[in-house]
Every structure is written in structure tokens, then in C-alpha cells.
Amino acid sequence: MPTPFQNEVYKAIEKIPKGRVTTYGAIACYLNTNAIRAVGTAVGKNPYAPKVPCHRVVLANGSIGSYSGEGGVERKIELLRQEGVAVEKGKIIDFEKRLFDYTG
DNA sequence: AGCGTGACGAACT
DNA sequence: TAGTTCGCCACGC
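Residue numbering for the first sequence follows numbering that gives the first Met the number 0, starting at 0 and increasing by one per position.
Okay, structure coming up:
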């Protein structure tokens, strides 16, 4: 059973549209908290693997970051490409355009 | 109740 | 431009 904080994080991730990505910082901002590290920790535990598209969460600079799932970072890139997100050298192409900032 | 750790971020050198 | 350092909050021991 995850903590309430973790549930908030997972719910925020579920809001990410297909073909888009977001950052840990954006999630923290959306949850109105400065716990960026805590968000990363919560996402890393991700008990709702297929339910929560945690692969759509990347670093603030457009880098892939990491992935605890099967295949690790390589798998994360594969999933993003399957949704139409171009990835090269471990970074998102047109990151600013792909970024979902919970602005609307 | 205190300490260390973590799928990060920004600043500094 | 690249590598390093400190800070942030939540969680487990």
C-alpha cells in the first residue's frame, strides 16, 4: 500500500497525455511541493507499472533519466518511441514541444 | 526521534 | 561545455 503522497504522484503521471512527457519538477510543482527528490523516489517505487505511464517522466533538461522497469533506460526509450516521442543519445528531441507542464 | 538514501534540480568551478 | 557540490522532501531503518 503506497503512501498518500505517492498516490498523488501517480495520479499526476496518469494525466500525462500520450505522446507527451513531463518532468519531476513539473510534477512537484503540480502537487504544490518542493520535494523533487521525493517525487523521484515515489515514481521509482511505482507499484502501478502498466497503469502509471512512468516512462513519460524525464529530467528537467530533457534527458531520459532512469528507469526501474524491465530493460532499464533502454526500455524506457523504446516505450517513448512507440508513442511517437523521438529520443536520441538518451535525450528527448523537441523536448520543449513534447513537454507537458500541467498548464492546461 | 535521528540518520542515510533516492527514477532530481540548480548553481558553481 | 562538462564535471562536481549542495539542497530539497518523503521514506525506511
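Backbone N, C-alpha and C define an ideal beta-carbon position, used for all residues, glycine too. This structure is a prediction, so every number in the text was calculated from the model and none was measured.
Original post:
Tell me which same chain residues have a C-beta within less than 7 angstroms of the C-beta of residue 76, skipping the five on either side of it?
Top reply: The residue given as residue 76 occupies position 77 in the first sequence. Same-chain partners within the cutoff: 63, 86.
**OP:** Have a look at the DSSP bridge pairing and note the partners of residue 21.
**Re:** Translated into positions along the first sequence, residue 21 becomes position 22. Residue 21 is bridged by DSSP to 56.
**OP:** Alpha carbon to alpha carbon, how far is residue 5 from residue 42? Give it in angstroms, no decimals.
**Re:** In the first sequence, residue 42 corresponds to position 43, counting from 1. In the first sequence, residue 5 corresponds to position 6, counting from 1. Using only the alpha carbons, I get a separation of about 7 angstroms.
Original post:
Thinking C-alpha only, which one of 14, 7, 20 is nearest residue 59?
Top reply: For the purposes of this step, residue 59 is taken as residue 60 along the first sequence, with counting starting at 1. It is 20 whose Cα lies nearest to the Cα of residue 59.
Original post:
Shortest alpha-carbon distance to residue 35 belongs to which of 71, 2, 24?
Top reply: Walking along the first sequence from the start, residue 35 turns up at place 36. Of the listed residues, the one whose Cα sits closest to residue 35 is 24.
Original post:
Between residue 9 and residue 82, what straight-line distance do the alpha-carbon atoms span, to the nearest angstrom?
Top reply: Position 10 of the first sequence holds residue 9. Position 83 of the first sequence holds residue 82. Those two C-alpha atoms are separated by around 19 angstroms.
Original post:
When the Cα atoms are used, what is the spatial distance from residue 48 to residue 93?
Top reply: Sequence index remark: in the first sequence, residue 48 carries index 49 (1-based). Sequence index remark: in the first sequence, residue 93 carries index 94 (1-based). Approximately 26 angstroms between the Cα atoms of the pair.
Original post:
By Cβ distance below 7 angstroms, which residues in the same chain neighbour residue 54 in space, the five residues on each side in sequence not counted?
Top reply: Mapped onto the first sequence, residue 54 falls at position 55. Taken in chain order, the residues that qualify are 66, 75, 78, 79.
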